[in-house]
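Chemist: If you use numbering that gives the first Met the number 0, the sequence shown corresponds to residues 0 to 465, in order.
We put the CB at the ideal spot given by N, CA and C, even for glycine.
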Amino acid sequence: MSIKKKITLFLLTIVIMLSFGQTLSVQAATSDLTATSNTIPNPGIPESKPNSLNVISEYDTKSINNSENINITSEIGWKKVNGYWYYYKSDNTKARGWIKPDENWYYLSYDGKMVTGWINSKSTWYYLDKSGSMATGWRQINNIWYFFNSSGTMITGLNQIDNKIYMFYSSGSMATGWMKLNNYWYYFYNSGSMANGWIISGGVNYYLYDIGAMAKGWINLNGTWYYLKSSGAMATGWVNSGSDYYYLDPSTGRLLTDTIAGGYQIGPDGKRLGAASRYKGIDISHYNGDINFAKVKAAGIQVVYMKATEGTTIVDNYLGTYYNGAKSAGLKTGFYHFLVGTSSPETQAQNFYNNIKNKQSDLKPVLDVEKAGFDVMDYSIRFANEFKRLSGMDVCIYTYSEFIKNLDSRLSKYTLWEANYSRSFENLPSNSIWNSRAGFQYTDQGNIDGINGNVDLDEFTQDIFR
0 MSIKKKITLF LLTIVIMLSF GQTLSVQAAT SDLTATSNTI PNPGIPESKP
50 NSLNVISEYD TKSINNSENI NITSEIGWKK VNGYWYYYKS DNTKARGWIK
100 PDENWYYLSY DGKMVTGWIN SKSTWYYLDK SGSMATGWRQ INNIWYFFNS
150 SGTMITGLNQ IDNKIYMFYS SGSMATGWMK LNNYWYYFYN SGSMANGWII
200 SGGVNYYLYD IGAMAKGWIN LNGTWYYLKS SGAMATGWVN SGSDYYYLDP
250 STGRLLTDTI AGGYQIGPDG KRLGAASRYK GIDISHYNGD INFAKVKAAG
300 IQVVYMKATE GTTIVDNYLG TYYNGAKSAG LKTGFYHFLV GTSSPETQAQ
350 NFYNNIKNKQ SDLKPVLDVE KAGFDVMDYS IRFANEFKRL SGMDVCIYTY
400 SEFIKNLDSR LSKYTLWEAN YSRSFENLPS NSIWNSRAGF QYTDQGNIDG
450 INGNVDLDEF TQDIFR
């Protein structure tokens, strides 16, 4: 394997609103956080949860008439004259102002004409449907949602409707997205209802308390710790808290304990301890020719990865020889497959599995992803899924730093072995998929006793072992 050169509202009082962007997807809400935790670890004290916001009113739409099918007929006093509707009283004079000749309210102007659309009566806004009837309940007007109570009044501010919380601007339009109320951020779905629990907004995870306020700092959910940045974004990777460092899973954000991450040992309390053990390794293929593995081991090498297969039909000529030699010398062995775009990833996974299934492996099986010119992500995922089906094992992804831009977060659950010839293990460039590596290939020009010519040299952490 070698590297190629390769996010003015009011609520009884005025509050300030800002927008963070639209929600992409929503995760199921979890139970709310505990104020304190007696469990280990205990990386920090959760912030105090704010009090619930006060709603102005509560409404039940089942008790509100939403019908727009109003019966207008001259038989009950309505007459249409020159295209306008009028309501004539028993004395044959035109009615004006608010009238309720049937189950609905109507508004007639000073000259008796029936009004439709928006009106402001005594500093209160109402909406009259095309039929002239006063709107109640939900109405979508010019693609904007409004809510009118049973008296027809357009509501504003924070209100509870059918047991869900909604916010309405002073214009009456229903609010969506992020809002800052009483110095806390809240999120309202596209449906207008207030969110709680985990959400994803602008591709970022946030946690909202059961009362809707956005959480910050350390939170403990059902015994699992998470850290939310000052922006509310869920943190991943290393977090400095007080005088200690903690590691949060790159995929889920949960605090890790009793493991190795980013080259460091993590204690049972989640705190970072000393650097994890490093294992010297090489990766080889038939290009390296005959190898004296006894001398390789004597030179300090502990781990050997050997090419097993490529594509659907290719098997490395030296696979058996290398395997037997490395095992006889007492070296830790593992295998890799070189991914190509000229045959299906499923048949490639089958080729890999069939040629290593009867060999004892100490290391995670590796998929070498460094060739472009095809849908690399699709092929990688399909290969990994098929190999998992066959073997029950997840693959490790080998690639070089510059090539990671061709990959995405669907691979984040797999271990990474990264090649970079200009950086150290501790100083590899950050990327949007992985925060830690189990392997680091630092040169393809290495020299080891027992191998003629250059060889790829690597360092591995405990995470590379099965």
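Nearest to Ile130 by CA position, among Tyr85, Phe146, Asn141, is which residue?
Modeler: According to the sequence as given, residue 130 is Ser; it is not Ile. Ranking Tyr85, Phe146, Asn141 by Cα distance to Ser130 puts Tyr85 first.
Chemist: Report the CB separation of Tyr246 from Ile265 in whole angstroms; it is logged as a contact under 8 Å.
Modeler: Contact between Tyr246 and Ile265 holds, since their C-beta atoms are separated by about 6 Å, short of 8 Å.
Chemist: Quick one: what does DSSP say Thr346 is sitting in, helix, strand or coil?
Modeler: helix
Chemist: What are the complete alpha helix (DSSP H) segments, minimum 4 residues, inside the region 255 to 307?
Modeler: 292 to 297
Chemist: So, Gly438 versus Trp416, is the Cβ gap smaller than 8 Å?
Modeler: yes
Chemist: According to the Cβ coordinates, are Tyr126 and Trp117 closer than 8 Å?
Modeler: yes
Chemist: Would you please state the rounded distance, in angstroms, between the beta carbons of Tyr185 and Ala212? I believe it to be under 8 Å.
Modeler: 6 Å
Chemist: When DSSP labels each residue in this structure, what does Gly438 get in the three-state scheme?
Modeler: strand
Chemist: Leaving out five residues on either side along the sequence, give the residues of the same chain with a beta carbon under 6 Å from the beta carbon of Ala293.
Modeler: Ala328
Chemist: On a CA-only basis, which of Gly201, Val114, Trp137 is nearest Asp161? Give me that one, please.
Modeler: A check of alpha carbon separations from Asp161 across Gly201, Val114, Trp137 identifies Trp137 as the nearest.
Chemist: Straight-line CA distance for Ala383 to Asp243?
Modeler: A direct Cα-to-Cα measurement between Ala383 and Asp243 gives close to 36 Å.
Chemist: With H, G and I counted as helix, E and B as strand and the rest as coil, what does DSSP make of Leu370?
Modeler: The sequence shown places Lys at residue 370, rather than the Leu named in the question. Three-state DSSP puts Lys370 in coil, outside helix and strand.
Chemist: Could you give the DSSP three-state label for Asp377: helix, strand or coil?
Modeler: Asp377 sits in a helix when the DSSP states are folded into three classes.
Chemist: In chain order, what residues of the same chain lie with their CB nearer than 6 Å to the CB of Ile143, ignoring the 5 residues before and after it?
Modeler: Ser172
Chemist: Is it buried or exposed for His285, if we count other Cβ within 10 angstroms and need 16 for buried?
Modeler: exposed
Chemist: For a minimum of 3 consecutive residues, which ranges assigned as the beta strand (DSSP E) are wholly contained in the region 147 to 187?
Modeler: 156 to 160, 163 to 167, 176 to 180, 183 to 187
Chemist: So for Glu102, helix, strand or coil by DSSP?
Modeler: coil
Chemist: In its own chain, which residues sit with a C-beta less than 6 Å from the C-beta of Leu318, not counting the 5 before and 5 after it?
Modeler: Answer for Leu318: Ala307, listed in chain order.
Chemist: Assuming the contact rule is C-beta atoms closer than 8 Å, Met305 and Phe334 should be a hit. Round their C-beta distance to whole Å, please.
Modeler: With a Cβ gap of about 6 Å, Met305 and Phe334 count as contacting.
Chemist: Give me, in chain order, the residues of the same chain whose beta-carbon lies closer than 7 Å to that of Ala275; leave out the 5 immediate sequence neighbours on both sides.
Modeler: Ile259, Gly262, Tyr263, Gln264, Thr460, Gln461
Chemist: Please report the residue range of the alpha helix (DSSP H) in which Asn323 lies.
Modeler: 318 to 327
Chemist: So, is Asp457 buried or exposed, given that buried needs 16 or more other C-beta atoms within 10 angstroms?
Modeler: With 16 or more other Cβ atoms within 10 Å, it is buried.
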